[in-house]
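Okay, so here's the structure we're looking at.
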Amino acid sequence: MAIVDRVGGSVLSSLEFVGALATFGGRAIVSAFRPPYEVGEIVRHLYQFGLRSMPLILTSGFAIGVVLSMHTRATLARFGAEAMIPAGLAVALVRETGPLTAGLLVSGRVGAGIGAEIGAMRVTEQIDALEANAVDAFKFLAVTRVIACMIAMPLLTVMMDFAGIVGGFTAETAVSGMSWQLYFERSFLYLEFSDLIPATLKTVVFGFLIASVASYLGFTTSRGTEGVGEASTRSVVMASILIILSDVILVKIIFFFYPQVPA
Amino acid sequence: MSKSFGGLKVLDDITFEISKAKAFVLLGRSGTGKSVTLKHIIGLVRPDKGHVFVDGREITQLDARALSDVRKHMGFLFQSAALFDSMTVGDNVAFPLRRHTDLPDKEIRERAKQKLADVGLEREFDKMPAELSGGMKKRAALARAMALDPAILLVDEPSAGLDPITASEIDELLVQRKHSGATIVVVTHNIPSARAIGDELAVLHEGHIIAQGTAGDLDRSDDPLVKTFMRSEAGG
C-alpha cells in the first residue's frame, strides 16, 4: 500500500505542477495583450536571450553541421550518393536537428538564468519591492521574459540552421573540395518552405515553454539560496523534458498540415 | 486583523489606527509579526481575517490596478533593503520616478541624486548594490522609498546596521518627512529612534498589541516587557 500511496502522491503532485504551470503560462499569454507592454524590458531580455546566446548557437550549429556531414557521407557513400550529402544534411538540420538542438541549448543557457534570477529576486524580497513600487511583478518579470524568449527562439534556430549548413560545407569541402556555390545549390535542392517555416515556428512554443517553466519555478522559489539553485536546475530539466515531449506533438501537427509526400 | 502562517498564529486580532501626518512606531521582539503587520498595510500580505483601511479604502478588497494606485502614494523600506541587484544604485532610486512620472530623464537623474544625497550616498549613484555595505544598502533603499515623496512611508528597521550618527541622521530625515505632511510607520528595536520619530508607539507581543500610546505613556506602563523595552536605551 505504501508504494501505491507514494506513486499516487507523485502522480498527483506532477498533475498539480502541470496544472499550475499551465495556469501560469496561460496567464502570461493573456497578460501580454494588456497594457503596459513593458517594451523596454522585452528588448533588454531579447538582448540577453538572443544576442548573448548567439556564440553558443553558432558554435554548436557549426559543430553539429560538421558531425552530421561526416555521418551523412559515411552512409550515402555506400550507395554512391555523395551528391545528396548537402541536401540530406540541410533537410535533417532544418526540419529537426536545428530546432530541437537550439531549444535544448537555450533551455540550458536561458532557462537556468531565468530560474536563478527570478528565484533570487523572490528570496531577497525584490519581487515584493516591485509590487510595493506599484509594478505588476508578474508582468514585469515573467511576461516580458516569455515574450522575449518566444521571439528569440525562431531567430536563433535560423542561425543554428545556417551555422550547421556552413559546418557541413566545411567538412564536405575538406574531403571532396566541393565549391560553396555547388554545396549551397544542392543544399536547397530538396528544401522547401514547408520544411523551413513550420519547423522554425514550432520553436516559438519551445521559447514559451522555456520561459514559462523557468519563470514559474523562479516565482515559487523558497528556502533561500538552496531553493534558488533548485529552481535553476529544475528549470533546465523540466524545460528540456517539455521541449522533447512537445516536439512529438508539434511534429505530428506539422505532418497533418503538411503531409510528407515522397519526392 | 489576524494572520497565520502554516498553523502559526502571527497576528491575533490586532487593531490600531494611525493618524495622518503622524509617526507610528511598532516595537516588539524579533519574530513577533512587526514586518508582517507593515506588509499588510501595503497589501503585500493579506489578512486571514479582518480589514486594512488606507485613506478610507479597504485595500484587501481592491483589484490589482486599484491596489497599484494606492501603492503609488506609499513608500516601503524593506528590512533586507531589497534593492534591485541588476540595476545601479541610481537606477534603483530613479525606478519609481521612471515608472510613475513623465519627467524627462535628466530631471529624474537629478531627483535621484538629491534623494541619495539626503541619505549621504550621492557618490554611490553609479555603483551596483553588491558594492555597498549593509548600512549603505539600507540608506539607498530608503532613498528609493522616498523617491516619489510618498504620503505614507512604511519603514522596516531603518537604523539596523547603521552607526549611531548615521542612524540619528536617518531619524532626522524621517522626522522632516513627517513635518512635511507624510504619515510614517516605523518598525524598530531602537528605542532612542522610536522616541525621536514616534508620536505614538505600540508594542507587539505574541500576536497582540500589549501597549499603545506616547513614549511617556509607555514609560509609565506596568507591563514588565514594555518596561524592559523602554529602558533598553542602547537600542539595536
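Chains V and U are the protein sequences, given in the same order.
Heads up: the first sequence begins at 371 in our numbering, then just goes up one per residue.
Heads up: the second sequence begins at 25 in our numbering, then just goes up one per residue.
The beta-carbon is built from N, C-alpha and C at its ideal position, and this holds for glycine as well.
Computed from a prediction, not measured in an experiment: that's the story for all the values here.
6 Å Cβ shell around residue i - same chain, five flanking residues per side excluded
{"i": "Asp223 (chain U)", "result": "Lys46, Ala47"}
{"i": "Ser245 (chain U)", "result": "Ala235"}
{"i": "Pro120 (chain U)", "result": "Ala171, Leu172"}
{"i": "Ser602 (chain V)", "result": "Ala482, Gly485, Ala486"}
Any C-beta of chain U under 8 Å from that of residue i
{"i": "Gln496 (chain V)", "result": "yes"}
{"i": "Val575 (chain V)", "result": "no"}
{"i": "Val513 (chain V)", "result": "no"}
{"i": "Ala601 (chain V)", "result": "no"}
{"i": "Ala482 (chain V)", "result": "no"}
{"i": "Val400 (chain V)", "result": "no"}
{"i": "Val437 (chain V)", "result": "no"}
{"i": "Val598 (chain V)", "result": "no"}
{"i": "Ala499 (chain V)", "result": "yes"}
{"i": "Val505 (chain V)", "result": "yes"}
Contact set for residue i: own chain, Cβ-Cβ below 8 Å, skip 5 residues either direction
{"i": "Glu82 (chain U)", "result": "His75, Val76"}
{"i": "Asp142 (chain U)", "result": "Ala167, Met170, Leu197"}
{"i": "Ser582 (chain V)", "result": "Leu391, Phe394, Gly395, Ala398, Ala512, Val516"}
{"i": "Arg95 (chain U)", "result": "Ile66, Gly67"}
{"i": "Ile233 (chain U)", "result": "Ile38, Thr39, Phe40, Ala226, Val227"}
{"i": "Ile624 (chain V)", "result": "Pro568, Ala569, Lys572"}
{"i": "Ser380 (chain V)", "result": "none"}
{"i": "Gly458 (chain V)", "result": "Thr442, Leu446"}
{"i": "Met440 (chain V)", "result": "Ala541"}
Residue-level contact to chain V via CB, residue i, 8 Å cutoff
{"i": "Ser43 (chain U)", "result": "no"}
{"i": "Ser92 (chain U)", "result": "yes"}
{"i": "Lys96 (chain U)", "result": "yes"}
{"i": "Arg123 (chain U)", "result": "yes"}
{"i": "Pro182 (chain U)", "result": "no"}
{"i": "Ala106 (chain U)", "result": "yes"}
{"i": "Phe119 (chain U)", "result": "yes"}
{"i": "Phe102 (chain U)", "result": "yes"}
{"i": "Ala136 (chain U)", "result": "no"}
{"i": "Ala167 (chain U)", "result": "no"}
{"i": "Ala88 (chain U)", "result": "yes"}
8 Å contact criterion, which residue i and residue j should meet: CB distance rounded
{"i": "Glu495 (chain V)", "j": "Ser104 (chain U)", "result": "5 Å"}
{"i": "Met454 (chain V)", "j": "Leu446 (chain V)", "result": "6 Å"}
{"i": "Phe558 (chain V)", "j": "Ala460 (chain V)", "result": "7 Å"}
{"i": "Ala472 (chain V)", "j": "Leu526 (chain V)", "result": "5 Å"}
{"i": "Ser616 (chain V)", "j": "Leu474 (chain V)", "result": "Not really, about 12 Å apart at Cβ, beyond 8 Å."}
{"i": "Ile468 (chain V)", "j": "Asp375 (chain V)", "result": "In the sequence on display, residue 468 (chain V) carries Gly and not Ile. Their Cβ separation, rounded to whole angstroms, is 44 Å, which puts Gly468 (chain V) and Asp375 (chain V) out of contact at 8 Å."}
Whether residue i touches residue j by CB criterion (8 Å)
{"i": "Thr211 (chain U)", "j": "Glu230 (chain U)", "result": "The sequence given here has Val at residue 211 (chain U), not Thr. No, the Cβ-Cβ distance between Val211 (chain U) and Glu230 (chain U) is not below 8 Å."}
{"i": "Lys139 (chain U)", "j": "Val113 (chain U)", "result": "no"}
{"i": "Thr514 (chain V)", "j": "Glu408 (chain V)", "result": "yes"}
{"i": "Leu579 (chain V)", "j": "Ile613 (chain V)", "result": "yes"}
{"i": "Ser61 (chain U)", "j": "Leu51 (chain U)", "result": "For clarity, residue 61 (chain U) is Thr in the given sequence; the question names Ser instead. For Thr61 (chain U) and Leu51 (chain U), no; Cβs fall outside 8 Å."}
{"i": "Tyr560 (chain V)", "j": "Phe394 (chain V)", "result": "no"}
{"i": "Glu452 (chain V)", "j": "Arg443 (chain V)", "result": "yes"}
{"i": "Met339 (chain V)", "j": "Met424 (chain V)", "result": "Chain V is shown from 371 up to 633; residue 339 (chain V) falls before or after that span and cannot be answered."}
{"i": "Glu542 (chain V)", "j": "Tyr553 (chain V)", "result": "yes"}
{"i": "Thr590 (chain V)", "j": "Val598 (chain V)", "result": "no"}
{"i": "Ile194 (chain U)", "j": "Arg201 (chain U)", "result": "no"}
{"i": "His124 (chain U)", "j": "Ala504 (chain V)", "result": "yes"}
{"i": "Phe253 (chain U)", "j": "Ile215 (chain U)", "result": "yes"}
{"i": "Ala499 (chain V)", "j": "Ala106 (chain U)", "result": "yes"}
{"i": "Arg147 (chain U)", "j": "Ile132 (chain U)", "result": "no"}
{"i": "Gly185 (chain U)", "j": "Gly159 (chain U)", "result": "yes"}
Cut-off 7 Å between Cβ atoms - residues of its own chain near residue i, not counting five sequence neighbours on either side
{"i": "Pro524 (chain V)", "result": "Thr570, Leu571, Thr573, Val574"}
{"i": "Val34 (chain U)", "result": "Lys27, Ser28, Gly57, Val60, Gly231"}
{"i": "Pro174 (chain U)", "result": "His97, Met98, Gly99, Ala206"}
{"i": "Ser477 (chain V)", "result": "Ile580, Val606, Ala609, Ser610, Ile613"}
Residue i beta carbon near the ligand SAH (any heavy atom closer than 7 Å)
{"i": "Gly80 (chain U)", "result": "Judged by which ligands are present, the structure shown has none, so any question about the ligand SAH falls away."}
Cross-chain neighbours of residue i in chain C, by beta carbon under 7 Å
{"i": "Ile66 (chain U)", "result": "Given the protein chain composition of this structure (V and U), no chain C is represented."}
Item checked: Cβ pair count under 8 Å reaching 3, the segment 160 to 180 of chain U against the segment 93 to 101 of chain U -> yes
Notebook entry, point to check: Quick one: any contact between the segment 387 to 396 of chain V and the segment 485 to 492 of chain V, if contact means 3 or more CB pairs under 8 Å?
Noted result: no
Note to self: If contact is defined by three or more beta carbon pairs under 8 Å, each pair taking one atom from either stretch, is the segment 65 to 74 of chain U in contact with the segment 27 to 45 of chain U?
What the structure shows: yes
Next item on the list: Report yes or no: do three or more beta-carbon pairs, one from the segment 518 to 538 of chain V and one from the segment 407 to 424 of chain V, lie closer than 8 Å?
Entry: yes
Notebook entry, point to check: Counting pairs of Cβ atoms below 8 Å between the segment 418 to 437 of chain V and the segment 529 to 548 of chain V, do you hit three or more?
Noted result: yes
Note to self: Closer than 8 Å is the cut-off here; do at least three beta carbon pairs connect the segment 468 to 483 of chain V with the segment 589 to 607 of chain V?
What the structure shows: yes
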